[in-house]
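Visitor: Handing you a structure now.
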Amino acid sequence: QSCHRPAGQRASQEPANRGLPEGVEYIPTRKKGKNPMKPVGVAWYNLYARTRLGYLFYQRQVKKARERYPHGHSVPQPYCFPGVKILPIPVLSNNYSYLVIDTGSSQAAVIDPSDPLAVQAAVEEEGVMLEAIFCTHKHWDHSGGNATLCQKYNSCKVYGSALDAIPQLTNPLADREKVSVGCLTFEALATPGHTVGHMVYVLDGDPFGSPPCLFSGDLLFLAGCGRPFEGSPETMLASLDLAMSLGEDTLLWPGHEYALECLNFASLMEPDNSALEQKLQWAEQQRQEKRSTCPSTLGEEQTYNPFLRTHRPELQEALGLWQDRGEDLDTFRARVLKEVRRRKDLYQAT
């Protein structure tokens, strides 16, 4: 495969999970007009995240995805900078794992290995040594491949937050802690909300003359963000603000191909947003060709992602929300975020 340098617009696709954890299949309620997340979503989340049944369900999802998408749900498009290669690995029905390679030493790390066989195939095809697994959080669709890969690659370490029950965790990380793999340096940032121990990983691009790369897991998607299963709107807002502080040129590598649904929903919030309209047209073309929509940039995301536009008067007006007298700005923004989240949870893509 040839490598592509990031240029122009990019995006992510459509979840069919309707409020269940990413990677979990939606099971509709029989009563029309009911919010499918109450109580079905809460019950499923507890089973998925906290019991053995969740792992068994994940195994079923892996089996179904391998049958339906024998070559992955999207065409992978590797990106290269001098000394580093980033290979998105499409797994399950809409997840991404990422193989990040130090091309000088052939040492590599993988972020969120959902399907161990897909990751192993990429490692062998690239001819690299897998030294590290970085898990953003505990959910099986992001950590389910840890055990198999650790058995296959004995020197491989598993990094993540000790606050999440990450399988095979060998090296718990603190907020702002850095890890080197060959010449690659990753910084872990604590971003609670989706889970209590959710972390994102930032690859330092300076040694390679590239922008920083944010591997965001389920914190941030193209035009969307993860559901705050284990955090308040205030907690999620702080985590999103932290991610956005990385700089506009930062490349966003999300945990899911959710662009089309997220962009279509965003267009309902801001139908006159020209940047949003342009991105949606681009994403539709990409997905027609089964091409990945990542990465985007954080600068792009600020122009169309409603979860990052809680400070924008046009979005606040569209939601019918106004800051109360004496209300702290971040408190108001958290209220806006909560309303955007509520509407997104009720949204059903056509």
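Residue numbers are given in the working numbering: position 177 of the sequence shown equals residue 216, and the series is strictly consecutive. Note that the Cβ used here is the ideal one computed from N, Cα and C, for glycine as well.
Of all the alpha helix (DSSP H) runs that stay within the bounds of the region 64 to 152, which reach a length of 4 or more residues?
Guide: Here the runs fully enclosed are 81 to 89, 91 to 107.
Visitor: Are Tyr386 and Leu315 closer than 9 Å when you measure CB to CB?
Guide: Counted from its first residue, the sequence shown places residue 386 at position 347. Counted from its first residue, the sequence shown places residue 315 at position 276. Contact flag unset, no.
Visitor: Let me know the secondary structure DSSP gives Val197 once reduced to three states.
Guide: Numbered from 1 along the sequence shown, position 158 holds the residue referred to as residue 197. Val197 falls in the strand class under three-state DSSP.
Visitor: Are the region 242 to 249 and the region 334 to 343 touching, with three or more C-beta to C-beta distances below 8 Å?
Guide: The answer is no - the region 334 to 343 does not touch the region 242 to 249, with fewer than three Cβ pairs under 8 Å.
Visitor: Using a 10 Å radius around the Cβ and a threshold of 16 neighbouring Cβ atoms, would you call Pro155 buried or exposed?
Guide: Translated into the one-based positions of the sequence shown, residue 155 becomes position 116. Looking at its Cβ environment, which holds 16 or more other Cβ atoms inside 10 Å, Pro155 is buried.
Visitor: Could you give the distance in angstroms between the alpha-carbon of Glu165 and the alpha-carbon of Phe120?
Guide: To locate residue 165, count along the sequence shown from 1; it is residue 126. To locate residue 120, count along the sequence shown from 1; it is residue 81. Each residue's alpha carbon lies about 16 Å from the other.
Visitor: Is the CB-CB distance between Phe346 and Leu291 below 9 Å?
Guide: Here residue 346 refers to the residue found at position 307 when the sequence shown is read from its first residue. Here residue 291 refers to the residue found at position 252 when the sequence shown is read from its first residue. Not in contact: Phe346 and Leu291 (Cβ atoms no closer than 9 Å).
Visitor: Which whole runs of the alpha helix (DSSP H) in the region 223 to 296 are 4 residues long or more, in chain order?
Guide: Segments of the alpha helix (DSSP H) lying fully in the region 223 to 296: 272 to 283.
Visitor: Assign Ser313 to one of three DSSP states: helix, strand, or coil.
Guide: Position 274 of the sequence shown holds residue 313. Here Ser313 sits in helix by DSSP.
Visitor: Given Ala186, which residues of its chain have a CB within under 7 Å of its CB, disregarding the five upstream and five downstream residues?
Guide: Locating residue 186 in the sequence shown gives position 147, counting from the first residue. Cβ within range, chain order: Pro206, Gln207.
Visitor: Taking the straight line between their C-alpha atoms, what separation do you get for Glu323 and Thr332?
Guide: For the purposes of this step, residue 323 is identified with residue 284 of the sequence shown, where counting begins at 1. For the purposes of this step, residue 332 is identified with residue 293 of the sequence shown, where counting begins at 1. Straight-line Cα distance between these residues: approximately 9 Å.
Visitor: Going straight from the alpha carbon of Pro267 to that of Leu223, what length do you get?
Guide: Residue 267 sits at position 228 when you count from the first residue of the sequence shown. Residue 223 sits at position 184 when you count from the first residue of the sequence shown. Cα to Cα, the separation comes out at about 30 Å.
Visitor: Tell me the residue span of the alpha helix (DSSP H) that contains Ser331.
Guide: Residue mapping note: residue 331 aligns to position 292 of the sequence shown, counting from 1. Here Ser331 belongs to no alpha helix (DSSP H), and DSSP marks it neither H nor E.
Visitor: Quick one: Cα of Thr142 to Cα of Leu368, how far?
Guide: Here residue 142 refers to the residue found at position 103 of the sequence shown. Here residue 368 refers to the residue found at position 329 of the sequence shown. So the two alpha carbons sit approximately 46 Å from each other.
Visitor: Since I believe Leu126 is in contact with Ser153 (beta carbons under 8 Å), could you give me their beta-carbon distance rounded to a whole number of angstroms?
Guide: Mapped onto the sequence shown, residue 153 falls at position 114. Mapped onto the sequence shown, residue 126 falls at position 87. Contact flag wrong, Cβ pair sits at about 14 Å.
Visitor: Excluding five sequence neighbours on each side, which residues of the same chain lie with their C-beta closer than 6 Å to the C-beta of Phe304?
Guide: Along the sequence shown, one-based indexing puts residue 304 at 265. Lys383, Tyr386, listed in sequence order.
Visitor: Given this structure, state the Cα-to-Cα distance separating Gly256 from Thr90, to the nearest angstrom.
Guide: For this step, residue 256 is matched to residue 217 along the sequence shown. For this step, residue 90 is matched to residue 51 along the sequence shown. Cα to Cα, the separation comes out at about 21 Å.
Visitor: Are Leu376 and Pro272 close, meaning C-beta to C-beta below 9 Å?
Guide: Residue numbering aside, residue 376 sits at position 337 when the sequence shown is read from its first letter. Residue numbering aside, residue 272 sits at position 233 when the sequence shown is read from its first letter. The answer is yes: Cβ separation under 9 Å.
Visitor: From Asp214 to Ala227, what does the alpha carbon distance come to, in whole angstroms?
Guide: Looking up residue 214 in the sequence shown gives position 175. Looking up residue 227 in the sequence shown gives position 188. About 6 Å.
Visitor: Buried or exposed: which applies to Glu287, given that a residue is buried once 16 or more other Cβ atoms fall within 10 Å of its Cβ?
Guide: Residue 287 sits at position 248 when you count from the first residue of the sequence shown. With fewer than 16 Cβ atoms within 10 Å of its Cβ, Glu287 is classed as exposed.
Visitor: Smallest Cα separation from Phe254: which of Ala148, Glu309, Arg351?
Guide: As a working note, residue 254 is residue 215 in the sequence shown. Checking every option, the nearest Cα to that of Phe254 belongs to Ala148.
Visitor: Give me the residue from Ser182, Ala373, Glu170, Gln159 with the minimum Cα distance to Ala277.
Guide: The residue labelled residue 277 in the question sits at position 238 within the sequence shown. Of the candidates Ser182, Ala373, Glu170, Gln159, the one whose C-alpha sits nearest the C-alpha of Ala277 is Ala373.
Visitor: Please classify Gly236: is it buried, with 16 or more other beta-carbons within 10 angstroms of its beta-carbon, or exposed?
Guide: What you label residue 236 is simply residue 197 of the sequence shown in a count that begins at 1. Per the 10 Å Cβ criterion, buried.
Visitor: Please name the residue or residues paired with Lys217 in a DSSP beta bridge.
Guide: As a first step, residue 217 is located in the sequence shown; it is residue number 178 there, counting from the start. The partner list for Lys217 (beta bridge, DSSP) reads Glu226.
Visitor: Please classify Asp363 as buried or exposed, where buried requires at least 16 neighbouring CB atoms within 10 angstroms.
Guide: Taking the first residue of the sequence shown as position 1, residue 363 is located at position 324. So Asp363 counts as exposed.
Visitor: For my contact list, Leu169 and Tyr192 are in at a C-beta cut-off of 8 Å; report their separation, rounded to the angstrom.
Guide: Stepping through the sequence shown from its first residue, residue 169 is reached at position 130. Stepping through the sequence shown from its first residue, residue 192 is reached at position 153. Leu169 to Tyr192, Cβ: 5 Å. Contact.
Visitor: For a test of the three-state rule: what should DSSP assign to Pro206, helix, strand or coil?
Guide: Counting from 1 along the sequence shown, the entry for residue 206 is found at position 167. It is coil, neither helix nor strand.
Visitor: Do you know whose CA, among Val167, Ala204, Gly365, lies nearest Ser144's CA?
Guide: As a working mapping, residue 144 is identified with position 105 in the sequence shown. The residue with the shortest Cα to Cα distance from Ser144 is Val167.
Visitor: The beta strand (DSSP E) with Phe173 in it runs from where to where?
Guide: Residue mapping note: residue 173 aligns to position 134 of the sequence shown, counting from 1. Start and end: 168 to 173.
Visitor: Which stretch, first to last residue, makes up the alpha helix (DSSP H) that contains Leu337?
Guide: Within the sequence shown, numbered from 1, the residue matching residue 337 stands at position 298. Element bounds for Leu337: 337 to 343.
Visitor: Strictly by DSSP, which residues pair up with Pro155?
Guide: Here the question's residue 155 lines up with position 116 in the sequence shown. DSSP lists no partner for Pro155.
Visitor: Compute the beta-carbon to beta-carbon distance between Cys195 and Ala171, rounded to the nearest angstrom, for a pair I have assumed lies under 8 Å.
Guide: Start at 1 with the first residue of the sequence shown, and residue 195 comes out as number 156. Start at 1 with the first residue of the sequence shown, and residue 171 comes out as number 132. Indeed, because the Cβ distance is near 7 Å, the residues count as touching under 8 Å.
Visitor: Counting only the same chain and skipping the five closest in sequence on each side, list residues whose C-beta sits under 6 Å from that of Ala157.
Guide: Residue numbering aside, residue 157 sits at position 118 when the sequence shown is read from its first letter. Hits under 6 Å: Ile128, Val130.
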